[in-house]
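Undergrad:
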Amino acid sequence: MNALRALARDPAYALVSVLGLAVGLGFCLLLLAYSRYSWSYDAHVTDVDRVYVVKHRRNWELGKRWSEQVPLAMRDPAKSLPGVADVTGYAHWFPLRLEQPGGLRETSSLVVLPGFAEMLGLEALQGDLAATLQSTDAIAITEAGARRLLGSDDVLGQSVVLRLDAADVLVGKVRIGAILPTPPANTTIPYEILHGVNLSMLPTWAKDEALNGSHAFSGGYLLLKLAPGGSPAQVTAALQAMADNSPLARLVPEPIKAHAGEDKFTEIKLSPLRDAYLDDEVGLNVFSKEVPRGDPRMIAGVTAVAMLLLLLAAINYVNLATIRVLRRQREIALRKVLGVRRERLALQFVSESLLVSGLATVLGIALAVVSLPAFSRFVDRDLGGMISLRNVLASLGLGVLLGLLTAMYPAWVALRIRPAAMLAGRGGDESRHGRRWRRALSVAQLALAMGLAALTLAVSIQTRNAMKAPLGFDPDPLLVASLPIGMSASDESTRQLREALEQHPAIAGVAVSVDALGNNREVWSTDFQRDDGELRFFEVKGVSANFFELHGIAPLAGRLFNSGDKGSETTSPLVLNEESARLLGFSSPELAVGEHVRVRGMQMSMEDHEVVGVAPRVRFNSLRETPPPVVYMISNYGATLIIRARGSLADAEQAMQDLWPRYLPNALLHVRHARDAFAGSYADDARLARLLALSTLIAMLIAACGAYVLAADAVRRRNREIALRKLFGARRGHIAALVARELGTLLLIAAAIGLPIAAVGIARYLAPFSERTPLAYAALAAALLMAAAVVSAGAARQAWHAMKMRPAVGLRG
Amino acid sequence: MLKLVKASRKFVGGDVMTTALNEVHLEIEAGEYVAVMGPSGCGKSTLLGILGMLDAPDSGEYWFDGSNVASCDEAQLNELRRGRVGFIFQGFNLLEELTVAQNVALALEYSDLPPAERRERVAQILEKLGIAHRAGHHPSQLSGGQQQRVAIARALVTRPLVLLADEPTGNLDSAHGEEVMQLLQQINAEGTTIVMVTHSAAHAARAARTVGMLDGAIR
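Keeping their order, the protein sequence lines are chains F and H. Per my numbering, the first sequence starts with residue 1, numbered consecutively. Per my numbering, the second sequence starts with residue 814, numbered consecutively.
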């Protein structure tokens, strides 16, 4: 009650203290929720620490990327390895579509192998899961999936019509045999619908592949559970031996194997399922299930920022509470004279601090809970599951700890007050050492705020620059649509769709490519050789003859393909890009035109092709990747349509929406603006920039509060000096300069600490980009200006008081 | 030189109004040495504040060197005071962060004098008051008497017309107090007008004239 009364006597102090701490704590909790969410991916899986994802890398492929998809043929032999408890798997080959009166609806479905439910610890809420996953006509659906797709989770036994998103028209009526709990949002194995390999709609080859792996098709995911005490290294070695002796290794022709060089033909690795979310080495292919991935450095950074923001808020509170103790010196001295015991005095400050931190914690938790939905959208992650009794209790514990820690210094200052000196008017003050320590903390506050601001601005500038970087063509009038798995532009229905689109008045043209812009799922590569020169292994972009015309790309030398060109992979003329021309030994683009280059064909023989021109650098991927050497060939087997709008993009998109179902009624249309396809490459950067911006805002607010406290402290401490200076003729401007000099010095010290660290951070952030904007470093100066403005705003009131102070008042103390 | 005509000053604290000066008449000639005596709370310090233009009367007139300054604002008083009024306080009011020389130089910081002349004046006054050997020391390293000498040096370095001393010996032992009194007499003898507030009748007797105060009025 005493603590409450003490706070009530000084409502402005109570408000600033509680709000400052609550905002810092609330935002810290949000960041910690994001970080906890990210670190605890797949934690719901039973014995998750013993579950591993089997990865493989084909070293004979260009880029030698790791893949989480492996030949499912490994499942049976892997089960019998020593140290292995079980092996199961799942695939995402043919996503199911729900047929409803309004049309097709996309679902998130997986075909699962035997043992999947047991390994993930799945139990049906209703129905028989084991029987459903073995059934030929039943599926299991999650509660959330049922509500989203069917409007209710009371759907057990209900029949639905499903279609396979594939070239073949496979449709069937299935029964809902089990209702499953909804998996948490932070899983790398998300699903709404599960079904077994016996489902009658599945093509026969798919069933055969899933159960026997007879096609050695690397499109499924294998999950391996170690027996207690099992060694991942031993199991990996056994799996590697299996891969080394696989029939595939014997089937692949020698010229292809040669690309592996000194490396193993295929490498196998076990990755803990817990780390799958943070695995940044895996690439995607057309059969990959797209799941969000996190950058461990970014998440560690977010955790660090969360703790630093809490530290900033705590420093702020310690400063405020100490200033308050110094203002109450006379009262404290009097209480000491009246016989209060040291323990009681200390308890008074600890209880006041606990009260402030308690109120701030409750308010902070409330702020975090209220803003969690908006914050989830902000970071593009569903953090709803982070609100739990355990997390709330942990937050309260953090608040109590904060209260105890922040009470220590003000209580120590209070205990050191000497009543005799104080009451005799020889005002005891905080020790010089203590004051320096507090000022150092304030400098740390400013340094952190400035560093964060610089990093935020640099990330924003670079991301903006990357998004606007020239691509080699104008993406604005272009739409990109992907064909269903297994279809290509040479299929009759697709060819008819292209013709219909090309005749539509809203569409200027349609081109075909193997992969979508900004995407890198399907990389086709082969050997190239000029005369008897060195063999070169380049990426091949299979494109339609009108690809360059449609993109408005002009040649560097010779000519590019045009609508008149005919050809196929075996007869196509070649268009090199600048880099591939250079690597093939042409000293200038002009010298490549009309030359012949030998290309390894499907039958492994080297075929002669004529180079008709050299294309300029076209950016298919993000600025993080240096544009690779590429050879363009005419191909009709691409699965990506690129549509050029004649007028507005919206009209072209509408035309797509209208025509697509007429020719591809079995498939859902996925169409994007080409500009968005590139922007997708920077989604993580944009998220990082947003998080940093929010953190900077909070850090700057706290720093402004800190500047207010610093200025108040400076004015209080230099009260007499200010009065004397006025006595000797100082004008208001002189006093303002005095306060500015004191805070400016601290600001410069903070800049000297915070900005070099930020510069290192900026350099590390920019390092992976092949093109970096030098403007990113201007962020350092901008951050200094921003901090100066914040400090000025925070200190303005105190400076004004100092300027207005009458010397007689100051000298009276 | 200094003239108060029916000058009053009231302070309001909460619901209580205190009359610190009540229609005071006082005239001090140039070169005079006046002691102001009276019990605590009688308004001596308020009187000194108004004479030094640190404060202004609520009513009445205050003539400083021929100008009525009672209605001047803070900036005008600041200009009038600069270099013309010196102050000495009971608690010295020296700044611990600054050295003796820097404390003295503080009084010239806002003058128009060039830096070289400022340094010259500081050196002269420290020499004159016998504390030149302590120029680089900080106040806490000096005795009370030496600290008050530094304060007097700071008050005199601007060569003021008037020196206002608020119980200048209040924090000193008798030997150091006597030293300071002799110094003030010497300064007055050199032509500086001095108004000194004191509780000591012996020290007041060193002045040419003593003014008694009670309840905000001059007896």
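Glycine residues also receive a C-beta, built at the ideal position from the N, C-alpha and C atoms. Because the structure is a prediction, the values reported are computed rather than measured.
With a 10 Å radius around its C-beta and 16 neighbouring C-beta atoms as the bar for buried, classify F:Glu-499 as buried or exposed.
TA: Along the first sequence, read from residue 1 onward, the residue named residue 499 of chain F stands at position 499. The residue is exposed, with fewer than 16 neighbouring Cβ atoms inside 10 Å.
Undergrad: Check the Cβ-Cβ distances between H:Glu-842 and every residue of chain F, and say whether any is below 8 Å.
TA: Here residue 842 of chain H refers to the residue found at position 29 when the second sequence is read from its first residue. It does not; no Cβ of chain F falls within 8 Å.
Undergrad: Give me whichever residues DSSP pairs with H:Arg-1022 in a beta bridge.
TA: Taking the first residue of the second sequence as position 1, residue 1022 of chain H is located at position 209. Answer by DSSP bridge pairing, in chain order: H:Val-847.
Undergrad: Identify, in the order they occur along the chain, each residue of the same chain with its Cβ nearer than 7 Å to the Cβ of F:Phe-473, setting aside the five sequence neighbours on each side.
TA: Numbered from 1 along the first sequence, position 473 holds the residue referred to as residue 473 of chain F. The residues are His-551, Gly-552, Ile-553 and Val-618.
Undergrad: With three or more beta-carbon pairs closer than 8 Å as the criterion, would you say the stretch 364–384 of chain F touches the stretch 24–37 of chain F?
TA: Counting Cβ pairs under 8 Å, three or more are found: they touch.
Undergrad: Taking CB distances under 8 Å as the criterion, tell me whether H:Leu-919 reaches chain F.
TA: Here residue 919 of chain H corresponds to residue number 106 of the second sequence, with the count starting at 1. Closer than 8 Å: yes.
Undergrad: Can you check DSSP and say which residues form a bridge with H:Thr-832?
TA: For the purposes of this step, residue 832 of chain H is taken as the residue at position 19 of the second sequence. DSSP, once it has assigned bridges, lists H:Lys-823 as partnering H:Thr-832.
Undergrad: Looking at C-alpha atoms only, which residue of F:Leu-649, F:Thr-463, F:Leu-483 and F:Asn-319 is the closest neighbour of F:Ser-770?
TA: Start at 1 with the first residue of the first sequence, and residue 770 of chain F comes out as number 770. The residue with the shortest Cα to Cα distance from F:Ser-770 is F:Thr-463.
Undergrad: Please determine, among F:Ile-193, F:Tyr-317 and F:His-195, the residue with the shortest C-alpha to C-alpha distance to F:Cys-705.
TA: Position 705 of the first sequence holds residue 705 of chain F. The residue with the shortest Cα to Cα distance from F:Cys-705 is F:Tyr-317.
Undergrad: Return the residues of the stretch 727–760 of chain F that lie within a Cβ-Cβ distance of less than 7 Å from chain H, sorted by chain order.
TA: Listed by position, the residues of the stretch 727–760 of chain F near chain H (Cβ gap below 7 Å) are Leu-727, Phe-728, Gly-729, Ala-730, Arg-731 and His-734.
Undergrad: Using 8 Å as the Cβ pair cut-off and three pairs as the minimum, do the stretch 279–289 of chain F and the stretch 54–68 of chain F touch?
TA: With the cut-off at 8 Å, the stretch 279–289 of chain F and the stretch 54–68 of chain F touch.
Undergrad: Looking only at C-alpha atoms, which of F:Met-74, F:Arg-530, F:Gln-529 and F:Leu-560 sits nearest to F:Ser-544?
TA: Start at 1 with the first residue of the first sequence, and residue 544 of chain F comes out as number 544. Ranking the options by Cα distance to F:Ser-544, first place goes to F:Leu-560.
Undergrad: With DSSP run on the structure shown, which of helix, strand or coil describes F:Asn-577?
TA: Mapped onto the first sequence, residue 577 of chain F falls at position 577. Correct three-state label for F:Asn-577: strand.
Undergrad: Mind listing the chain H neighbours of F:Glu-721? Cutoff is C-beta to C-beta under 7 Å, in chain order.
TA: The count along the first sequence starts at 1 and reaches residue 721 of chain F at position 721. The answer, in chain order, is Leu-908.
Undergrad: Once the 5 residues before and after F:Ser-482 are set aside, which same chain residues still bring their CB inside 7 Å of it?
TA: For the purposes of this step, residue 482 of chain F is taken as residue 482 along the first sequence, with counting starting at 1. Closer than 7 Å at the Cβ level, and outside the excluded window around F:Ser-482, lie Ala-516, Ala-639, Thr-640 and His-670.
Undergrad: Reducing DSSP to helix, strand and coil, say where F:Arg-438 ends up.
TA: The count along the first sequence starts at 1 and reaches residue 438 of chain F at position 438. DSSP places F:Arg-438 in helix when its eight states are reduced to three.
Undergrad: For F:Ser-482, which of helix, strand or coil comes out of DSSP?
TA: In the first sequence, counting from the first residue as 1, residue 482 of chain F sits at position 482. Of the three classes helix, strand and coil, the one that applies to F:Ser-482 here is strand, per DSSP.
Undergrad: If contact is defined by three or more beta carbon pairs under 8 Å, each pair taking one atom from either stretch, is the stretch 183–195 of chain F in contact with the stretch 108–116 of chain F?
TA: In short, these stretches touch, since the Cβ pair count reaches three.
Undergrad: For the putative contact between F:Ile-698 and F:Gln-445, defined by C-beta atoms under 8 Å, what is the C-beta separation to the nearest angstrom?
TA: Residue mapping note: residue 698 of chain F aligns to position 698 of the first sequence, counting from 1. Residue mapping note: residue 445 of chain F aligns to position 445 of the first sequence, counting from 1. 12 Å between Cβ atoms; not a contact.
Undergrad: Where do the N-terminal and C-terminal ends of the alpha helix (DSSP H) with F:Trp-800 fall, by residue?
TA: By 1-based counting over the first sequence, the position of residue 800 of chain F is 800. Where F:Trp-800 is concerned, the enclosing alpha helix (DSSP H) stretches over 778–804.
Undergrad: Beta-carbon within less than 8 Å of F:Ala-787's beta-carbon, same chain only, minus the 5 sequence neighbours each way: which residues are those?
TA: Taking the first residue of the first sequence as position 1, residue 787 of chain F is located at position 787. Within the same chain, F:Ala-787 has close Cβ partners Leu-446, Ala-449, Met-450, Ala-453, Met-700, Ala-703, Leu-747, Ala-750 and Ala-751.
Undergrad: Find the residues of chain H that neighbour F:Pro-807, judging by a C-beta separation of less than 8 Å, and give them in chain order.
TA: Within the first sequence, the letter at position 807 stands for residue 807 of chain F. What F:Pro-807 touches in chain H: Leu-867.
Undergrad: Would you check if there are 3 or more beta carbon pairs closer than 8 Å linking the stretch 524–533 of chain F to the stretch 582–589 of chain F?
TA: Output reads yes: the stretch 582–589 of chain F touches the stretch 524–533 of chain F.
Undergrad: I think F:Leu-811 touches H:Asn-891, with their Cβ atoms under 8 Å apart; what is that distance to the nearest whole Å?
TA: Residue mapping note: residue 811 of chain F aligns to position 811 of the first sequence, counting from 1. Residue mapping note: residue 891 of chain H aligns to position 78 of the second sequence, counting from 1. With a Cβ gap of about 15 Å, F:Leu-811 and H:Asn-891 do not count as contacting.
Undergrad: Does the separation of the CB atoms of F:Asp-137 and F:Ser-200 fall below 8 Å?
TA: Residue numbering aside, residue 137 of chain F sits at position 137 when the first sequence is read from its first letter. Residue numbering aside, residue 200 of chain F sits at position 200 when the first sequence is read from its first letter. Cβ atoms of F:Asp-137 and F:Ser-200: closer than 8 Å.
Undergrad: Under 8 Å, Cβ to Cβ, is there at least one residue of chain F near H:Asn-891?
TA: Here residue 891 of chain H corresponds to residue number 78 of the second sequence, with the count starting at 1. Yes, because at least one Cβ of chain F sits closer than 8 Å to the Cβ of H:Asn-891.
Undergrad: Would H:Gly-957 count as contacting chain F if we go by Cβ distances under 8 Å?
TA: The residue labelled residue 957 of chain H in the question sits at position 144 within the second sequence. Chain F, which has no Cβ nearer than 8 Å to the Cβ of H:Gly-957, makes this no.
Undergrad: Which residues bound the alpha helix (DSSP H) around F:Val-11?
TA: Along the first sequence, one-based indexing puts residue 11 of chain F at 11. The question names Val, but residue 11 of chain F is Pro in the sequence shown. 11–39 is the span of the alpha helix (DSSP H), which, as asked, contains F:Pro-11.
Undergrad: Report the option in F:Thr-494, F:Thr-303 and F:Ser-395 whose CA atom is closest to the CA atom of F:Gly-358.
TA: The residue you call residue 358 of chain F lines up with position 358 of the first sequence. Nearest C-alpha to F:Gly-358: F:Ser-395.
Undergrad: Measure the CB-CB distance between H:Phe-902 and H:Asp-986 and report whether it falls below 8 Å.
TA: Your numbering for residue 902 of chain H matches position 89 in the second sequence. Your numbering for residue 986 of chain H matches position 173 in the second sequence. No, Cβ-Cβ distance for H:Phe-902 and H:Asp-986 is not below 8 Å.
Undergrad: Report the rounded CA-to-CA distance for F:Glu-118 versus F:Arg-75, giving the unit in angstroms.
TA: By 1-based counting over the first sequence, the position of residue 118 of chain F is 118. By 1-based counting over the first sequence, the position of residue 75 of chain F is 75. When rounded, the distance between both Cα atoms is 15 Å.
Undergrad: Spatial neighbours of H:Tyr-846 within its chain, please: CB distance less than 7 Å, with the 5 preceding and 5 following residues excluded, ordered by chain position.
TA: One-based indexing of the second sequence puts residue 846 of chain H at position 33. Contacts found: Asn-1001, Ile-1007, Ala-1020 and Ala-1021.
Undergrad: List, in order along the chain, the chain F residues whose C-beta lies closer than 8 Å to that of H:Arg-895?
TA: Here residue 895 of chain H refers to the residue found at position 82 of the second sequence. Here the neighbours are Phe-728 and Gly-729.
Undergrad: Just tell me which of F:Ala-300, F:Ala-469 and F:Gly-127 has its CA closest to the CA of F:Asn-621.
TA: As a first step, residue 621 of chain F must be located in the first sequence, where it is residue number 621. Residue F:Ala-469 is the option with its Cα nearest to F:Asn-621.
Undergrad: Would you tell me roughly how many angstroms separate the C-alpha atoms of H:Lys-857 and H:Leu-1027, rounded to the nearest one?
TA: Mapped onto the second sequence, residue 857 of chain H falls at position 44. Mapped onto the second sequence, residue 1027 of chain H falls at position 214. Their Cα atoms are separated by approximately 9 Å.
Undergrad: Nearest to H:Met-1009 by alpha carbon, out of H:Gly-899, H:Pro-927 and H:Gly-958?
TA: Within the second sequence, residue 1009 of chain H is the residue found at index 196, counting from 1. Of the listed residues, the one whose Cα sits closest to H:Met-1009 is H:Gly-899.
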